[in-house]
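Residue numbering for the sequence shown follows UniProt numbering, beginning at 1 and increasing consecutively.
I have placed the structure first, in the form of structure tokens, so that the comments after it can refer back to it.
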Amino acid sequence: MDTQDTPRKRGHSRAHDLVSSLTQQILLGTFRPGDRLPSENTLVREHGISRTVVREALSKLQASGLVEPRHGIGTFVIERQAQAGLRVGAESAASVRDLLELRIGLEGQAAALAALRRTDRHLAQMRQALDDYQDLAAAGDSCIEADRRFHLLIAEATGNLYFGEMMAHLGSALIPRNRLAQADRAGARLARQAYLANLEHEAILNAIRRQDPDAARAAVCLHLSNSRDRLVPD
1 MDTQDTPRKR GHSRAHDLVS SLTQQILLGT FRPGDRLPSE NTLVREHGIS RTVVREALSK
61 LQASGLVEPR HGIGTFVIER QAQAGLRVGA ESAASVRDLL ELRIGLEGQA AALAALRRTD
121 RHLAQMRQAL DDYQDLAAAG DSCIEADRRF HLLIAEATGN LYFGEMMAHL GSALIPRNRL
181 AQADRAGARL ARQAYLANLE HEAILNAIRR QDPDAARAAV CLHLSNSRDR LVPD
């Protein structure tokens, strides 16, 4: 009985893996609304899976409202419909504190799973995000996009699409510096905050690279707790 069940389970697992990978790429903006996904042949070749598995995965993406098939052309990413759900509060110190407390629980677990499941591709993309962050911060430019990308990549590396969904649902609120008054987001104080945050990012990445889930969870919790204290001092 186990022998008969194994191929089916394996096929469903591979379809889930492909759904997770494509979903995260859509959420991260690798594939944007209007973009065509890679062809069935390309997905079969790149992921080493059968056409049946690819079609099952694309069907699940369509059911999730992320893509639509166009006969004879391919499968295209569509605009995500606004959904009722988490409402981000007004731009205030209290709302920033509350969001960071939520993220400590969510992202601590995500980092632990990412440490166990990350691939070399994930590590390379995280490294690039932090390099971009450092370059932008050094030039005095906004590094919010690179910061957000790094945290979304951790969610992608979990292999669990719901982490990415939750993170994407937070939208611009994911990076709390973006929600404070303009006066609090300028000058030497912000530059110092960006520098300290990136040191903490490096600790997170190092723990994920070492595949140490406890250290990854602790590094994320420290980073977000410190961000809360820097942005919302007592």
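For glycine and all other residues, C-beta sits at the position ideal for the given N, C-alpha and C.
Keep in mind it's a predicted model, so treat the numbers as computed, not measured.
Looking only at DSSP bridge pairs, what is residue i linked to?
i     : result
GLY74 : ARG70
ARG36 : PHE76
Given a threshold of 16 other Cβ atoms within 10 Å of its Cβ, counted over all protein chains shown, does residue i qualify as buried or as exposed?
i      : result
HIS201 : buried
GLN125 : buried
VAL53  : buried
ILE208 : buried
ILE73  : exposed
ASP214 : exposed
SER21  : buried
GLY164 : buried
ALA94  : exposed
GLY159 : buried
Assuming residue i and residue j are in contact, meaning their beta carbons sit under 8 Å apart, how far apart are those beta carbons, in whole angstroms?
i      : j      : result
VAL77  : GLY34  : 7 Å
ARG230 : GLN193 : 5 Å
LEU28  : LEU152 : 5 Å
ALA203 : ALA219 : 4 Å
ARG14  : THR75  : Rounded, the Cβ-Cβ distance is 18 Å, inconsistent with contact.
THR23  : LEU61  : 7 Å
GLN211 : LEU116 : 6 Å
Cβ of residue i within 9 Å of Cβ of residue j?
i      : j      : result
ARG217 : ALA112 : yes
HIS16  : ALA57  : yes
ALA137 : ASN198 : yes
VAL67  : ILE26  : yes
VAL19  : LEU161 : yes
GLU40  : ARG55  : yes
LEU196 : GLY108 : no
ARG121 : LEU205 : no
LEU222 : LEU170 : no
**Prompt:** Do the stretch 104 to 120 and the stretch 142 to 150 touch if we need at least three Cβ pairs shorter than 8 Å?
**Reply:** no
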